[in-house]
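Enquirer: Just remember that my numbering sits 7 ahead of the position in the sequence shown, which is counted from 1. Sharing a structure, written as structure tokens. Questions coming.
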Amino acid sequence: MSEEKLRIAFIGTGVMGGPMAGHLVKAGHSVTVYNRTRAKADAWAAKYGGNAAATPAEAAKGADAVLACVGNDDDLAEVTLGTNGAFDAMKAGAAFVDHTTVSARIARRLADEAGARGLLSVDAPVSGGESGAQAGKLSIMCGGSDAAFAAAQPVMRAYAARIVHIGGPGAGQTTKMVNQIAIAGVLQGLSEALRFAQASRLDTDKVFEAVSGGAAASWQMLNRWDTMAKDAFDFGFAVDWMRKDLGLALEEARANGATLPVAALVDQFYAEVQKAGGGRKDTSSLVTRLPK
């Protein structure tokens, strides 16, 4: 698919999908959106100047590419393969790009279903959060055939800072699991380090200055140390979403034989945060389960 202006359908106009679809309009593409809550689709159309459709099929009809960013496996199956789903309405040769974080199992299923219909399919979960979507600077990890990736890549450039083709169908989703496994361990270590510094009555600003330029540094430390020290968590990637993602990773590990003891433990720690009412707080709220 060339750099020409395209007809694009975007399914899901939430905190991630809405800004991503908006960047496609800014890039000059003709964009039609669908959202389960019609008011959100209409609000997006009013803001960005695109169009809103009543069903995924209506949005997808005649589109060169159909993109999705919905909630979970069931949501994705419904908007693609369900009644009025996108797949049966898509024209032969069109590309389907899924930005939802879902199981590798459904990613592989959709690749098979797409192939049977003469479509191209890429599983392309993203990293960078709401701020990355707003800025058009997401990192995208992709699974699919070479032909599917080649078709999807020019479209994704509208909202991405980095796009990497990892491998075949499902490889994008399993790479996102790698990302979340790593983040879980880092945040637990950062939580323990912060609480240790506080228990030692150290100036946490000075501690950050001392250690953030060395081997202990991480994105989480650079962006979350200060807010964690101030008990500020009303932003960012929600605990509820992280638990969903870790659940996917643990499920895949049971299938591929990997051992994830730290990820499994941190998942249970997040369950405690949820039980205490912190499901919508940023993942850095993991620190709240540790006493000061």
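No residue lacks a Cβ here, since even glycine has one placed at the ideal position from N, Cα and C.
Going straight from the alpha carbon of GLY135 to that of GLY143, what length do you get?
Expert: Sequence index remark: in the sequence shown, residue 135 carries index 128 (1-based). Sequence index remark: in the sequence shown, residue 143 carries index 136 (1-based). Near 9 Å, if we compare the C-alpha coordinates of GLY143 and GLY135.
Enquirer: For ARG202, I'd like the list of residues in its chain whose CB is within less than 6 Å of its CB, leaving aside the five on either flank, ordered along the chain.
Expert: For the purposes of this step, residue 202 is identified with residue 195 of the sequence shown, where counting begins at 1. Same-chain partners within the cutoff: LEU297.
Enquirer: Here's the rule: buried if 16 or more other CB atoms are within 10 angstroms of the residue's CB, otherwise exposed. What is ALA67?
Expert: To locate residue 67, count along the sequence shown from 1; it is residue 60. It counts as buried.
Enquirer: When you compare each of ALA245, ALA131 and ALA271 to GLY254 by their alpha carbons, which one comes out closest?
Expert: Taking the sequence shown and counting its residues from 1, the one referred to as residue 254 is at position 247. Here the closest residue by C-alpha is ALA271.
Enquirer: Can you look up MET23 in the DSSP assignment and give me helix, strand or coil?
Expert: Counting from one through the sequence shown, the residue named residue 23 turns up at place 16. Of the three classes helix, strand and coil, the one that applies to MET23 here is coil, per DSSP.
Enquirer: Ordered along the chain, which non-local residues of its own chain (more than five positions away) have a Cβ less than 7 Å from that of GLY174?
Expert: As a first step, residue 174 must be located in the sequence shown, where it is residue number 167. Excluding positions up to five away in sequence, the list reads GLY150.
Enquirer: Please confirm if the region 81-92 is in contact with the region 108-122, defined as three or more CB-CB distances below 8 Å between the two stretches.
Expert: Contact between the region 81-92 and the region 108-122 is present, because at least three Cβ pairs lie under 8 Å.
Enquirer: Can you give the beta carbon distance from PHE215 to ASP289, rounded, assuming they're within the 8 Å contact cut?
Expert: The count along the sequence shown starts at 1 and reaches residue 215 at position 208. The count along the sequence shown starts at 1 and reaches residue 289 at position 282. Not confirmed; about 18 Å, so no contact.
Enquirer: Along the chain, where does the beta strand (DSSP E) containing TYR277 start, and where does it finish?
Expert: Here residue 277 is taken as the residue at index 270 of the sequence shown, counted from 1. No beta strand (DSSP E) holds TYR277; the alpha helix (DSSP H) holding it covers 268-282.
Enquirer: With distance defined between alpha-carbon atoms, name the residue in GLY220, MET148 and ALA61 nearest to ASN91.
Expert: On the sequence shown, residue 91 is found 84 positions in, with the first residue counted as 1. Looking at the Cα atoms, ALA61 is the closest of the given residues.
Enquirer: At a cut-off of 8 Å, is THR266 close to the ligand PLP when judged by its beta-carbon and the heavy atoms of the ligand?
Expert: Of the ligands one can find in the structure shown there are none, so the ligand PLP has no counterpart to examine.
Enquirer: What's the call for PHE6, buried or exposed, on a 16-neighbour Cβ count within 10 Å?
Expert: Limits of the chain in this structure are 8 at one end and 299 at the other, which puts residue 6 out of reach.
Enquirer: Check whether the region 159-171 touches the region 18-38, counting contact only when three or more Cβ pairs, one atom from each stretch, lie closer than 8 Å.
Expert: Because the criterion of three Cβ pairs below 8 Å is met, the region 159-171 and the region 18-38 touch.
Enquirer: Could you name the residues of the same chain whose beta carbon sits closer than 8 Å to that of VAL22, not counting the 5 residues immediately before and after it, in chain order?
Expert: The residue you call residue 22 lines up with position 15 of the sequence shown. Only GLU137 and ALA140 meet the Cβ criterion.
Enquirer: Is the CB-CB distance between ALA123 and ALA159 below 9 Å?
Expert: Here residue 123 refers to the residue found at position 116 of the sequence shown. Here residue 159 refers to the residue found at position 152 of the sequence shown. Against a cut-off of 9 Å, the Cβ pair of ALA159 and ALA123 comes out as no contact.
Enquirer: Strictly by DSSP, which residues pair up with LEU293?
Expert: Taking the first residue of the sequence shown as position 1, residue 293 is located at position 286. None; LEU293 has no bridge partner.
Enquirer: Please go through the same chain and pick out, in chain order, the residues whose beta-carbon is closer than 6 Å to the beta-carbon of VAL104, but skip the five residues on each side of it.
Expert: Counting from one through the sequence shown, the residue named residue 104 turns up at place 97. The answer, listed in chain order, is LEU74, VAL129, ALA131 and ALA159.
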